[in-house]
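Step one of this worksheet: look at the structure below.
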Amino acid sequence: MTQAPTGQPTIMALIDAGAQQLTDAGVAFGHGTSNAFDEAAWLVLWQLGLPLNDLDSVANQPVDLADQARIATLFEARIKTRKPAAYLTHEAWLQGVPFYVDERAIVPRSFIAELLADGSIDPWLGEHTKKVLDLCTGNGSLAVLAAMTYPDVTVDGADLSLDALAVARMNVEKHGLEDRITLLQSDGLGSVRGPYDLILCNPPYVNAQSMATLPAEYRAEPELALAGGADGMDFIRDLLREAPAHMSEHAVLVLEIGNEREHFEAAFPTLEVFWLDTSAGDDQVLLITREALVR
């Protein structure tokens, strides 16, 4: 282990050692990081209270014994509990924006956040886009990002889970958006207040076979936010059937389906959709116009 001139291990040395621990323990990633090094860096820097995006400037700083012990305890918890790191730090980031999260809500990681940031859906929007729905809002991250991206809109964030909505409320308040985001308890579209000009939805879509083999880190999340039935399309079938009644004339629906494109196309073989490019490819998120849904 690399040591500073003081004889104490450096931040980078602790990150490298932690990454090896995570690798040896066989933990699973996908809740904000995709590999052992990035996760180890997150845990070490968070525990030291340092910015997560500035490793280069602190890599060679020595770490004293008390902080070493706290870092070791954090890694032990990550490995022993198999909880996502975000549940241990109570913090997750999307597009550079921090969000509070705990076990009451799924760890935010939606690719829709990328599309809001890069303007991919903007060609379908316009002056008519005034009212947005974030359905299955979870911890409220997409509702917050939508409000930040489009300063002239109001946003409803809806979820069946009162626990998730309590977390979402913390994030709405954290970012000072209480006057533009309204949180609603709703079973699907049952209690929302349209019509909406844009609906964002990252629903439960994991098919039953995949649910049965999920790593422990994913099973630590609320099952309600993940399980989509035998083919992953249970929630989505109801959504697409009911959505037109809650959409304005030129509204669009942006829907995330993860790795379920094959099941989606089998369930809706004649539906005209637009697949949107994300960092995970062009088969994770799609856009549907109200016109296509009505047809």
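Just so you know, we're using our numbering here: the sequence shown kicks off at 14 and counts up by one. Think of the CB as a built atom: it goes at the ideal place given N, C-alpha and C, for glycine as much as any other residue.
Between the segment 284-295 and the segment 233-250, do three or more beta carbon pairs fall short of 8 Å? no
Look up residue 107 in the DSSP assignment and say whether it is helix, strand or coil. strand
Is the separation between the beta-carbon of residue 134 and that of residue 239 shorter than 8 Å? no
Can you tell me the Cα-Cα spacing of residue 77 and residue 24, whole angstroms? 10 Å
Quick check on DSSP: helix, strand or coil for residue 301? strand
Any chance you could list the beta strand (DSSP E) runs of at least 3 consecutive residues sitting entirely within the segment 130-160, in chain order? 144-148
Quick check on DSSP: helix, strand or coil for residue 260? strand
Given 8 Å, three or more beta-carbon pairs between the segment 38-45 and the segment 82-102: yes
Report the rounded CA-to-CA distance for residue 219 versus residue 279, giving the unit in angstroms. 15 Å
Name the residue from 81, 58 and 79 whose alpha carbon lies nearest to the alpha carbon of residue 72. 58
Does the structure place the segment 137-155 close enough to the segment 251-270 that three or more beta carbon pairs sit under 8 Å? yes
Taking the alpha helix (DSSP H) that residue 57 belongs to, which residues open and close that run? 49-61
Within the continuous alpha helix (DSSP H) that includes residue 218, where are the two ends? Note, residue 218: premise wrong, no alpha helix (DSSP H); not H, not E.
How should residue 164 be labelled, buried or exposed, when 16 other C-beta atoms within 10 angstroms of its C-beta is the threshold for buried? exposed
Out of curiosity, what's the CA-to-CA distance linking residue 126 and residue 252? 20 Å
Taking DSSP as the reference, what is the three-state secondary structure of residue 211? strand
Is residue 295 buried or exposed, if buried means 16 or more other CB atoms sit within 10 Å of its CB? exposed
Just to confirm my understanding: we take residue 123, look at its own chain, exclude 5 residues before and 5 after, and list those with CB closer than 8 Å. What are they? 107, 154, 155, 215 and 269
Which listed residue (21, 222 and 114) has its alpha carbon closest to that of residue 182: 114
Close-in-space but distant-in-sequence residues of the same chain around residue 119 (CB under 8 Å, 5 per side omitted): 151, 152, 177, 234, 235, 238 and 239
What are the uninterrupted segments assigned as beta strand (DSSP E) that are 3 or more residues long and contained completely in the segment 180-207, given in chain order? 194-198
Which term fits residue 204, buried or exposed, when burial requires 16 or more other beta carbons within 10 angstroms of its beta carbon? exposed
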